[in-house]
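Taking it in order: structure first as structure tokens, then the write-up.
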Amino acid sequence: MKSKSKTILYSGFLSGTLDILAAIIIYTVILHQTTAVKILQSIASGIFKQEAYTNGSQMAFYGLLLHYFIALVFAYLYFKIYPYFPILRKSFLLSGLIYGLFVWIVMNLIVLPIVFPKLPPKQFDFPLLLSILILIFCVGLPIAYITQKFYTRH
Numbered sequence: 001m002k003s004k005s006k007t008i009l010y011s012g013f014l015s016g017t018l019d020i021l022a023a024i025i026i027y028t029v030i031l032h033q034t035t036a037v038k039i040l041q042s043i044a045s046g047i048f049k050q051e052a053y054t055n056g057s058q059m060a061f062y063g064l065l066l067h068y069f070i071a072l073v074f075a076y077l078y079f080k081i082y083p084y085f086p087i088l089r090k091s092f093l094l095s096g097l098i099y100g101l102f103v104w105i106v107m108n109l110i111v112l113p114i115v116f117p118k119l120p121p122k123q124f125d126f127p128l129l130l131s132i133l134i135l136i137f138c139v140g141l142p143i144a145y146i147t148q149k150f151y152t153r154h
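Written as structure tokens, this is what we have:
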């Protein structure tokens, strides 16, 4: 990538796409727990609450937009902090793992409990581990790799 903004956009859209595809493939195709529309509506429910489940594809689209907005925010944040933390420059694998865990912590222990105060308590089980792995492999590693590539070239 030649510009900062293109790097952020690329890493944000790539990580957002990988993350939502992983969620859809795992939870709809493999585990048969939900539908793609319901996954996207549940993202939209962070803003629209219960109304998100009443307007079908329109709310699913809003959920997708919100999902990409969140991915772009995390891509932007990583891009901005990268030069100030030497540990991030050591290895994109290590930094991607750390950043994926950071994203999981922010989303699951801060954002979701604020947006949805009545969430059930977290238990260390397979679904929790799966959600962490998805964020490491689909968000942390792609953002770390693309950002490292940008900074090593500039």
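Here the sequence shown stands for residues 1 to 154, where the numbers follow my numbering. Ideal placement from N, C-alpha and C gives every residue a C-beta, glycine not left out. All values derive from a computational prediction rather than experimental measurement.
Practice item. Could you check which residue in L40, E51, G100 has the C-alpha nearest to that of L77? Key: G100
Exercise for review: Please determine if the region 125 to 143 and the region 57 to 69 are in contact, where contact requires at least 3 C-beta pairs separated by less than 8 Å.
Suggested key: Verdict: no, contact absent.
Practice item. Sort L112, P142, F126 by Cα distance to S42 and report the nearest one. Key: L112
Practice item. Measure the Cβ-Cβ separation of L97 and G140 and say whether it is below 8 Å. Key: yes
Check your understanding: Given that a residue counts as buried once 16 or more other Cβ atoms are within 10 Å of its Cβ, and exposed if not, what is S5?
Key -> Its Cβ having fewer than 16 others within 10 Å, S5 is exposed.
Review point. Would you call the CB atoms of F69 and M59 closer than 8 Å?
Key: Not in contact: F69 and M59 (Cβ atoms no closer than 8 Å).
Exercise for review: Leaving aside the five residues before and after L72 along the sequence, list all residues of the same chain whose C-beta is less than 6 Å from its C-beta, in chain order.
Suggested key: G12
**Study point:** alpha helix (DSSP H) segment containing P120, residue limits
**Key:** It is not in any alpha helix (DSSP H) - P120 carries neither H nor E in the DSSP assignment.
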